[in-house]
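Below is one structure, written out as structure tokens; comments come after it.
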Amino acid sequence: HKIKKLKGKDVDALKMLGRTGHVQKDTLKDYTGISENRINTIKNLDYLREVYDNNSDDKYLRLTKAGRDFVHEQLGVVCYKSNAPVHDSQIVDYYMHMTREEQDSWKTETELHQIIKDDLGRDDVSPTDFSYVSGGEVIYVEIITTNYSNGQIEEKIEFVEAMGGTYEESRI
Numbered sequence: 216h217k218i219k220k221l222k223g224k225d226v227d228a229l230k231m232l233g234r235t236g237h238v239q240k241d242t243l244k245d246y247t248g249i250s251e252n253r254i255n256t257i258k259n260l261d262y263l264r265e266v267y268d269n270n271s272d273d274k275y276l277r278l279t280k281a282g283r284d285f286v287h288e289q290l291g292v293v294c295y296k297s298n299a300p301v302h303d304s305q306i307v308d309y310y311m312h313m314t315r316e317e318q319d320s321w322k323t324e325t326e327l328h329q330i331i332k333d334d335l336g337r338d339d340v341s342p343t344d345f346s347y348v349s350g351g352e353v354i355y356v357e358i359i360t361t362n363y364s365n366g367q368i369e370e371k372i373e374f375v376e377a378m379g380g381t382y383e384e385s386r387i
């Protein structure tokens, strides 16, 4: 099954989910204007799944494998696959405060990994969570959780230096 006709709100919601990993249902509805019925339709096609954060009762939506494939094929988004809803909620915060142009320049961690491997022939550095272009400058953003080591943070900085851009981090 496929979504027969993608509406503007569907496109916005699916791109947001593809780029950010997990989005709370209310946030997705408020930000994109997608309806509960439409979310359920997409869920029934097995493109979306509801998941709970283990540390709270918060409910999140995320794309399934079929959903990520659909978003990649239909919308050209290299989707971000994640198992960390709270981490991703920080990514969502960034996303919601960007212009449409910045959102459309978004590259996921998956995409950044592919770029550094293909373009620079390197597999020894760890990409940031995402990047975007703002005012002609590429910004690489990493969401730092409490279990990050200094070595992991250094790897992210080394990645940005290899790519040539500005490093930004947000701690949760």
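For what it's worth, our numbering labels the leading residue of the sequence shown as 216, then goes sequentially. Cβ atoms here follow ideal geometry from the backbone N, Cα and C, with glycine treated the same way.
Alpha carbons only, please: which of the options is nearest the one belonging to residue i?
i       : options                            : result
Lys-220 : Gln-289, Ser-385, Lys-240          : Gln-289
Gly-379 : Ser-364, Ser-271, Leu-335, Ala-228 : Leu-335
Gly-233 : Gly-223, Cys-294, Lys-224          : Cys-294
Arg-253 : Val-340, His-287, Asp-225          : Asp-225
Tyr-355 : His-287, Lys-217, Gly-291, Glu-383 : Glu-383
Asp-344 : Leu-263, Asp-303, Ser-250          : Asp-303
Let me know the secondary structure DSSP gives residue i once reduced to three states.
i       : result
Ser-346 : strand
Val-238 : strand
Leu-276 : strand
Ile-358 : strand
Lys-353 : As written in the sequence, residue 353 is Val, which differs from the Lys given in the question. It is a strand residue.
Leu-263 : strand
Arg-315 : helix
Lys-208 : What is shown of the chain runs 216 to 387, which leaves residue 208 out entirely.
My assumption, with CB atoms under 8 Å, is that residue i sits in contact with residue j. Please give the rounded CB distance.
i       : j       : result
Gly-236 : Ile-331 : Incorrect: roughly 20 Å between the Cβ atoms, too far for contact.
Could you give the first and the last residue of the continuous alpha helix (DSSP H) run that contains residue i?
i       : result
Val-375 : 365 to 378
Counting Cβ pairs, one atom from each stretch, are 3 or more of them under 8 Å apart for the segment 310 to 329 and the segment 252 to 263? These segments do not touch.
Determine contact between the segment 357 to 364 and the segment 267 to 280, defined as no fewer than three beta-carbon pairs at a distance below 8 Å. The segment 357 to 364 is not in contact with the segment 267 to 280.
Contact the segment 279 to 289 vs the segment 243 to 253: 3+ CB pairs below 8 Å: By the criterion of at least three beta-carbon pairs nearer than 8 Å, the segment 279 to 289 is not in contact with the segment 243 to 253.
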